[in-house]
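Peer 1:
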Amino acid sequence: MAIILRLDRVMADRKMSLKELSEKVGVANVNLSKIKTGKVSAIRFSTLNEICRVLNCQPGDILEYMEDEKNQ
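The sequence shown finishes on residue 59 if you use the working numbering, and the numbering steps up by one all the way, no holes.
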């Protein structure tokens, strides 16, 4: 399973910094940074909900499924 995180793209589209998003979402900057760089194995729905609320986007704008090469 390959889930690609596109938070960086959505943030750039909204011209929002990591610090600003962190303050508005109420999640530590370091944790959002891990989400932004795709270095997480899970994300809480409550966090995803707040990110989508603040960025005015859908979860599908942030998460993308890409089939693993070994499954093709």
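Heads up, the beta-carbon is just placed ideally off N, CA and C, and yes, glycines get one too.
#1: CA-CA distance, Ser9 and Glu56?
#2: For Met3 and Leu50, what's the separation of their Cα atoms in angstroms?
#3: What do you reckon, are the CB atoms on Val17 and Ile38 nearer than 8 Å?
#4: Could you pull the start and end residues of the alpha helix (DSSP H) that Glu10 belongs to?
#5: Look at the alpha carbon of Met53 and the alpha carbon of Ile(-10), and state the distance between them as a whole number of angstroms.
#6: Are the CB atoms of Asp(-5) and Lys23 nearer to each other than 8 Å?
Peer 2: According to the data block:
#1: 34 Å
#2: 18 Å
#3: no
#4: 5 to 12
#5: 6 Å
#6: yes
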